[in-house]
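For reference, the structure is listed below as structure tokens.
2 protein chains.
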Amino acid sequence: MRADARENRARVLTVARELFAERGLDVPMAAIARRAGVGVATLYRRFPTKESLVMEAFTEQFAHCQAVVDEALADPDPWRGFRTVIEKVCLLQASDRGFTAAFVAGFPDLHSELRERSWHGFAALVQRAKDSGQLRADFSPHDLTLVLMANGGLAGAPVAASQRLVAYLLEAFRTGTDELPPPVPLSLDLVLRQPDRV
Amino acid sequence: MRADARENRARVLTVARELFAERGLDVPMAAIARRAGVGVATLYRRFPTKESLVMEAFTEQFAHCQAVVDEALADPDPWRGFRTVIEKVCLLQASDRGFTAAFVAGFPDLHSELRERSWHGFAALVQRAKDSGQLRADFSPHDLTLVLMANGGLAGAPVAASQRLVAYLLEAFRTGTDELPPPVPLSLDLVLRQPDRV
DNA sequence: AGTCAAGTGGACGGGGGTCTCCACTTGTCA
DNA sequence: TGACAAGTGGAGACCCCCGTCCACTTGACT
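Chains as they are written, first to last, in my numbering: chain X, 1 to 198; chain W, 1001 to 1198.
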């Protein structure tokens, strides 16, 4: 691969990550190309389809998720591990608008191995936290999806909103109480933005 | 207005409500026209823009929300009133895919009076529930928006998922505990559907 | 320096969306 | 029953998207 081509490819990827994070997955390919200072053809030469660009752009985020789970499994405190996973993944989701969409879009086919591993890791985490009596017994690992989807509904809202939601949910998941982060007045036109899509 | 025209208009409205509920706000005007057995021009004669059709189609839902709040205010038990509002509105949202989008789309301009009234009603409800000691003191009326957005993230998922989320959240809002509805295994491709948009 | 494949950009095809235009039909009222 | 305005449907203008094609440019190697 030629040096300038490699550089262009890298710049496209960077720009794509920025734009996906800011505006969601439905940003036009032309916009990415323009911001990267290349033509559309260059994009399609490196990434045969938009989906492939999305996947490539989010690979490191996916890996990050995996790392979060592994790290949590290493934590001696079961509840802290559990809580940290949820907090970190939701934070990632809240600060990157394209993440959720890329996440679910990539799930059915690609990354299925990664997904299996993360899933089992999380299930183990849940079991540990239950055994230690800090997580309610009727919590289901499927509730992680519930949390992710709910948190995904806050796309475009300030990160603090997501943090408050997560705090509420963790409160409900646990046996005990904690102080919540302060309320966030959510202006509604935040939601008027175009929704994410691959 | 001619009799057949009135009938057509009514049929369009019915069909629009059905399709918006089933497939979200991004169903094409042509699809609505086809299912209603009319041409596109007929649609645009009655509703100059798609947005106007949406607003008209959801007016009664908005009114329903208002009624829910009023009803809750009449409830002698503050917590039950509070809980019922959240449960009913979220149920409405979960069973009608276009509702959330129409709700937020309509907010900035139209229905602002209705909105004010509902908002004040809900704030009163919150205060009452707090005074009775059943709602946590740091709950903010803004958290209603948080709940609505989070619940909106479950669009397309089974209603039971929304119900579980709401139960978790109410758990967190309250002082005390309750049994949750059973977990719902959410298949992820539910989220792959095209998202709502006006 | 010369060569040439790799690289590039912009025009374009195809599809799907909203909304308009216009010739035709149909309900209604005298 | 006849006249006419209200009502109607379908073609198509316009726009935005993804992905392709092709003539041109440029880096790298001899």
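C-beta atoms are modelled at their ideal positions from N, C-alpha and C, and glycine is treated no differently. Please read all numbers here as calculations on a predicted model, not as lab measurements.
Check                                                                                                  : Outcome
Delimiting residues of the alpha helix (DSSP H) encompassing Phe139/X                                  : That residue, Phe139/X, is in no alpha helix (DSSP H); it is neither H nor E in DSSP.
Nearest-angstrom Cα separation, counted from Gly1024/W out to Arg1046/W                                : 21 Å
N-terminal and C-terminal residue of the alpha helix (DSSP H) that Phe62/X is part of                  : Lys50 to Ala74
Proximal residues, the stretch 164 to 178 of chain X versus chain W, C-beta separation under 9 Å       : Arg164, Leu165, Ala167, Tyr168, Leu169, Leu170, Glu171, Ala172, Phe173, Thr175 and Thr177
is_contact[Pro1183/W, chain X] using C-beta, thresh 8 Å                                                : yes
CB of Pro183/X within 8 Å of CB of His1142/W, strictly                                                 : yes
Within chain X, the residues that Leu1146/W reaches when beta carbons sit closer than 7 Å              : Ala161, Arg164, Leu165 and Leu186
For Arg1002/W, the residue or residues it bridges with in DSSP                                         : Answer by DSSP bridge pairing: none, since Arg1002/W is not bridged.
Nearest-angstrom Cα separation, counted from Pro1078/W out to Leu1188/W                                : At Leu1188/W the pLDDT is 46, less than 50, meaning the model places this residue with poor confidence; the figure from the coordinates comes in the next sentence. Cα-Cα distance, rounded: 37 Å.
Interface residues of the stretch 49 to 69 of chain X facing chain W [CB-CB below 9 Å]                 : none
Identity of the residues DSSP links to Arg174/X by a beta bridge                                       : Leu135/X
Leu1092/W and Leu1125/W closer than 8 Å at C-beta                                                      : no
Assumed close pair Asn8/X, Cys90/X - CB separation to whole angstroms, cut-off 8 Å                     : About 34 Å; that fails the 8 Å criterion.
Pick from Arg1115/W, Asp1026/W and Tyr1168/W that is closest to Thr1067/W, judged by C-alpha positions : Checking the sequence shown, residue 1067/W turns out to be Ala, not Thr. Nearest C-alpha to Ala1067/W: Arg1115/W.
Nearest-angstrom Cβ-Cβ length linking Thr1042/W and Ala1033/W, presumed shorter than 8 Å               : 7 Å
For Leu1148/W, the three-state DSSP class (helix, strand or coil)                                      : helix
Rounded straight-line distance, which links the Cα of Gly121/X to that of Ser1118/W                    : 44 Å
C-beta atoms of Arg164/X and Leu1146/W nearer than 8 Å                                                 : yes
Contact set for Ala1102/W: own chain, Cβ-Cβ below 6 Å, skip 5 residues either direction                : Val1054 and Phe1058
Ala1157/W in three-state terms, based on DSSP                                                          : coil
Length of the line joining the Cα atoms of Val191/X and Met1149/W                                      : Because the pLDDT at Val191/X is just 42, under 50, the model does not fix this residue reliably, and the point stays unresolved.
Residue from Cys1065/W, Glu1018/W and Ala1094/W whose Cα sits closest to the Cα of Ala1085/W           : Correcting the residue identity first, residue 1085/W is Val in this sequence and not Ala. Nearest of Cys1065/W, Glu1018/W and Ala1094/W to Val1085/W, Cα basis: Cys1065/W.
Cα-Cα separation, Val1015/W to Ala1021/W                                                               : 10 Å
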